[in-house]
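When we follow numbering that gives the first Met the number 0, the leftmost residue of the sequence shown carries the number 0, and every step to the right adds one.
All residues carry an ideal CB built from backbone N, CA and C; glycine is no exception.
For reference, the structure discussed in these notes is given below.
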Amino acid sequence: MKYVRPLSLFHELLKTSAINQGRFLGLDVGDKYVGLAVSDPLNKIASPLSVLLRKKSNIELMATDFQSLISELSLGGFIVGYPFDRQRGAPDAVRVKLFVDDLCKTGKLEGVKFTYWDECFTSKVAHSLCCLQNVELLVKPLDLHPVHAKSIMDKFAAVGILQGYLDYVNKKMKLESAI
């Protein structure tokens, strides 16, 4: 995997032919789960995808899952949620970096480009966000098992990360084209 600056990742994707243009996968990396969201083919809208169980012992399996998603969904890059509002040595930041490092060490995702995106407005502060609060309000009456409810929240946290990125880069592209 190769780190690319946020706007550069989008620019690189636009340079490829329309047929080869890919979508983005948003990742919300937690202690136990990784929430996933995927962009539409035009990279305008993020949608919840799934949640992967995160264990040190299954990193190879996760890398294989990501390989499958890359080919199935024509992914052009990963947008990984990162807590920029905290110190780099904070446990959340270290967890995200270790996860990406572990994925890189598998060797299964060579050439996959990724960037970090500020996750401070996602699951880590879910109770202060209208979107995630609304999801939580919708999920609560369903009386779901706590693990299932948490997985729904994790998917929508990934949506928040990815949608934030897509909104930013699309706005930047629009501004650049106006100049």
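For residue i, the residue or residues it bridges with in DSSP
i: Lys-170; result: Answer is none; Lys-170 lacks a bridge partner.
i: Phe-77; result: Leu-24, Phe-113
i: Lys-1; result: Lys-112
i: Pro-47; result: Ala-36
i: Leu-52; result: Tyr-32
CA nearest to the CA of residue i, picked from the options
i: Val-3; options: Ala-157, Leu-35, Thr-114; result: Thr-114
i: Leu-35; options: Gln-66, Ser-73, Ile-78; result: Ile-78
i: Phe-65; options: Ile-44, Leu-26, Asp-30; result: Leu-26
i: Lys-112; options: Glu-118, Cys-119, Cys-103; result: Cys-103
i: Gly-80; options: Lys-171, Ala-177, Asn-169, Lys-154; result: Lys-154
i: Asn-42; options: Pro-90, Lys-170, Cys-119, Ser-70; result: Lys-170
i: Asp-166; options: Thr-105, Lys-31, Phe-23; result: Phe-23
i: Met-0; options: Ala-92, Leu-108, Ser-67; result: Leu-108
i: Ala-92; options: Tyr-32, Cys-119, Tyr-164; result: Cys-119
i: Lys-31; options: Ile-178, Thr-15, Ser-56; result: Ser-56
Residue i vs residue j beta-carbon contact at 8 angstroms
i: Asp-117; j: Phe-83; result: yes
i: Gly-21; j: Gly-76; result: yes
i: Leu-13; j: Val-37; result: no
i: Val-95; j: Val-168; result: no
i: Pro-161; j: Ala-45; result: Note that residue 161 is Leu in the sequence shown, not Pro. In contact: Leu-161 and Ala-45 (Cβ atoms closer than 8 angstroms).
i: Thr-105; j: Ile-69; result: no
The ligand MG heavy atom lying under 7 angstroms from the CB of residue i
i: Lys-54; result: Ligands displayed in this structure: none; no statement on the ligand MG is therefore possible.
Contact with chain B by residue i, beta-carbon distance below 8 angstroms
i: Glu-59; result: Here chain B cannot be found, since the structure has a single protein chain.
Cβ contact (3+ pairs, closer than 8 angstroms) linking the stretch 97–111 and the stretch 44–52:
no
Counting Cβ pairs closer than 8 angstroms, one from the stretch 6–17 and one from the stretch 56–64, do we hit at least three?
Contact between the stretch 6–17 and the stretch 56–64 is absent, because fewer than three Cβ pairs lie under 8 angstroms.
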